[in-house]
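Student:
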Amino acid sequence: MRTELVSEPGGPGRPNEDFAAVGLPASGQGGCVVVLDGVTPPEGGTGCLHSVPWFTARLGGALTELTVSLPDMTLTEALARAIRRTAGAHAATCDLSHPRTPQATVVLARWTPDAVDHLVLSDSTLLLRSPDGSVTPVLDDRLDRVPRAWLAGDAVCDARARNKEGGFFTAAADPDVAARAVTGTLPRHEVQALAALTDGATRWVEKFREGDWTALFDVVREEGARSLVDRVRGLEAADRDERAFLGRGKTHDDATVAYVEL
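In this text, residue positions in the sequence shown follow my numbering: the first is 1, and each later residue adds one.
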């Protein structure tokens, strides 16, 4: 089995808000990938004493443990339990009802000798490669379908779209959000390899349009996860002044790639 994991902050002066882990049980049967992209809060506070990296480390650690140690638990149940556990760790000190309480996107994949289960919540991406070389993206595209006017500002987004019906959902403090995730199961023999990526890495496809999902997967498989992140950084640097692709978005974002050949 080949595994690769690269996670890089958007810049040297700020912490990496992503989380990534590959879990391999002691039995040697199966494993899991967990990738989270912490949501950077706007100025003005979140009602929480803790940072986004604190939250993603807690949630990601709980997810890694649960998906490996309890293989009979569905990924939806694992996410709900991990959210509940993480919320319990700071409910006494923080306002978890605040719309910007620490939160994250989620990608989970778990494989056994028989099957590959997967879960995606919000705008991180899971890519599944079959033995014939075809690549299938698993996407939660609700953010793309939100009316642009609802995303015009932080206050409007929080009131109308963030963790709201008709909007999009992230893992924050409500365990019920786990039921909103995109989930599925495939026979193990239909998945040769997989890659989980935060949107800082998928910019290569989604922002800069350098290729499709198959081309991105080939970069990771043939050149390594580091190469994809380096390519994205080069494109970001070239676009810094012109802003032809990134618009008003961050020049650099945290970028994480987890790759596994089963």
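Built from N, CA and C at the ideal position, the CB exists for glycine as well.
If Ala255 and Ala196 are in contact, beta carbons under 8 Å, what's the gap, nearest whole angstrom?
Tutor: 12 Å between Cβ atoms; not a contact.
Student: So, using beta-carbon positions, are Ala104 and Val52 closer together than 9 Å?
Tutor: It is a contact, given that the beta carbons lie within the stated cut-off.
Student: Looking at Tyr259 and Thr3, is the spacing between their C-beta atoms short of 9 Å?
Tutor: Yes, the pair counts as a contact, with Cβ atoms nearer than the cut-off.
Student: In chain order, which alpha helix (DSSP H) runs of at least 4 residues are fully inside the region 62 to 96?
Tutor: Entirely contained in the region 62 to 96, the alpha helix (DSSP H) runs reaching 4 residues are, in chain order, 75 to 88.
Student: Considering only C-alpha positions, which residue in the set Ala80, Pro147, Leu24, Ala57 is nearest to Ala173?
Tutor: Comparing Cα-Cα distances from Ala173 to each of Ala80, Pro147, Leu24, Ala57, the minimum goes to Ala80.
Student: Assuming the contact rule is C-beta atoms closer than 8 Å, Trp263 and Val232 should be a hit. Round their C-beta distance to whole Å, please.
Tutor: Limits of the chain in this structure are 1 at one end and 262 at the other, which puts residue 263 out of reach.
Student: Just reading off the alpha helix (DSSP H) that Thr198 is part of, what are its end residues?
Tutor: Here Thr198 belongs to no alpha helix (DSSP H), and DSSP marks it neither H nor E.
Student: Could you round the C-beta distance between Val34 and Gly60 to whole angstroms and report it? I think they count as a contact, below 8 Å.
Tutor: Indeed, because the Cβ distance is near 5 Å, the residues count as touching under 8 Å.
Student: Which runs of the beta strand (DSSP E), 3 residues or longer, sit entirely within the region 149 to 198?
Tutor: Within the region 149 to 198, the complete beta strand (DSSP E) runs of at least 3 residues are 182 to 187, 193 to 197.
Student: If I'm right that Ala115 touches Arg188 with Cβ under 8 Å, what's the distance once you round it to whole angstroms?
Tutor: Rounded, the Cβ-Cβ distance is 6 Å, consistent with contact.
Student: Under the three-state reduction of DSSP, which class applies to Leu228: helix, strand or coil?
Tutor: Helix at Leu228.
Student: By the 10 Å Cβ neighbour count, where 16 or more other Cβ atoms means buried, how is Ala201 classified, buried or exposed?
Tutor: The residue in question, Ala201, is buried, as its Cβ has 16 or more Cβ neighbours within 10 Å.
Student: In the DSSP output, what is Cys32 paired with across the bridge?
Tutor: BP columns for Cys32 point to Gly23, Arg110.
Student: Compute the Euclidean distance between the alpha carbons of Thr132 and Trp111, then round it to the nearest angstrom.
Tutor: Per the sequence presented here, residue 132 reads as Asp, with Thr not at that position. Going by the C-alpha atoms only, they are around 19 Å apart.
Student: What does the alpha-carbon distance come out to for the pair Pro147 and Gly28?
Tutor: Rounded to whole angstroms, Pro147 to Gly28 spans 46 Å at the Cα level.
Student: For the candidate residues Ser122, Trp150, Arg221, Asp154, whose alpha-carbon lies nearest to that of Asp140?
Tutor: Closest option to Asp140, Cα to Cα, is Ser122.
Student: Locate the alpha helix (DSSP H) running through Glu223, then write down its first and last residues.
Tutor: It spans 213 to 223 - the alpha helix (DSSP H) in which Glu223 sits, taken as one unbroken run.
Student: Taking all protein chains shown into account, decide if Ser97 is buried (16 or more other Cβ within 10 angstroms of its Cβ) or exposed.
Tutor: Exposed, since its Cβ has fewer than 16 Cβ neighbours within 10 Å.
Student: Considering only residues of the same chain and omitting the five flanking positions on each side of Ser227, which have a CB-CB separation below 8 Å?
Tutor: Val219, Val220, listed in sequence order.
Student: Give the C-beta separation of Cys94 and Gly47 to the nearest angstrom, bearing in mind that I take them to be a contact with Cβ-Cβ under 8 Å.
Tutor: Cys94 to Gly47, Cβ: 6 Å. Contact.
Student: Keeping to the same chain, check which residues put their C-beta closer than 6 Å to that of Leu235; ignore five residues upstream and five downstream.
Tutor: Cβ within range, chain order: Phe208.
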